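>
Numbering (our numbering), first residue to last: -9 to 105.
#1: Would residue 104 and residue 19 be called neighbours here (beta carbons separated by less than 8 Å)?
#2: For residue 32, which residues in the same chain have their Cβ closer than 8 Å to its Cβ, ignoring the five residues on either side in sequence?
#3: What is the C-beta distance between residue 37 and residue 69, in whole angstroms, given that I count them as a contact (C-beta under 8 Å)?
#4: Decide if residue -1 is buried, meaning its Cβ has at least 16 other Cβ atoms within 10 Å, or exposed.
#5: How should residue 40 be labelled, buried or exposed, when 16 other C-beta atoms within 10 angstroms of its C-beta is the threshold for buried?
#6: Enumerated in chain order, which unbroken segments of the beta strand (DSSP E) with a length of 3 residues or greater are wholly contained in the stretch 21 to 59?
#7: Is the CB-CB distance between residue 107 and residue 94 below 8 Å?
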């Protein structure tokens, strides 16, 4: 049986947590915008960890018939915030400082917290 989008978002969140990301949250934002349905937000302790988690997400995407949408103007990976756009799921790998500053959960407070 094929997984739902929410199941995939939750599975990605679990992979991030298993990979040592902290405070992993999944928000259903499908009613709030037209460009994605789920945010997976995680705090990472270092850029090295963020790179490893990016590879983990990339491997998951490849095995689940999904694709990462690359930006037209690619920027170097940031040590503060890396965004992985999978279309219906957007993964945010953020440093603690960036997470505290941008407060995505507060900004998207009308979304439904799934995890």
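For glycine and all other residues, C-beta sits at the position ideal for the given N, C-alpha and C. Since we're looking at a predicted model, the values are computed, not measured.
Reading it off the structure:
#1: In the chain shown, counting from the first residue as 1, residue 104 sits at position 114. In the chain shown, counting from the first residue as 1, residue 19 sits at position 29. At a Cβ-Cβ threshold of 8 Å, residue 104 and residue 19 do not count as neighbours.
#2: Position 42 of the chain shown, counted from the start, is the residue given in the question as residue 32. Answer for residue 32: 3, 6, 7, 11, 12, 13, 14, 15, 43, 81, 82, 83, 84, listed in chain order.
#3: Residue mapping note: residue 37 aligns to position 47 of the chain shown, counting from 1. Residue mapping note: residue 69 aligns to position 79 of the chain shown, counting from 1. Correct: roughly 4 Å between the Cβ atoms.
#4: Residue -1 sits at position 9 when you count from the first residue of the chain shown. By the neighbour-count criterion, in which a residue is buried when 16 or more other Cβ atoms sit within 10 angstroms of its Cβ, residue -1 is buried.
#5: If you number the chain shown from 1, residue 40 lands on position 50. Taking a 10 Å sphere around the C-beta of residue 40, we find 16 or more other C-beta atoms and assign the residue as buried.
#6: Fully enclosed beta strand (DSSP E) runs of 3 or longer: 28 to 33.
#7: Residue numbering for the chain in the displayed model covers -9 to 105; residue 107 lies beyond these limits and cannot be assessed.
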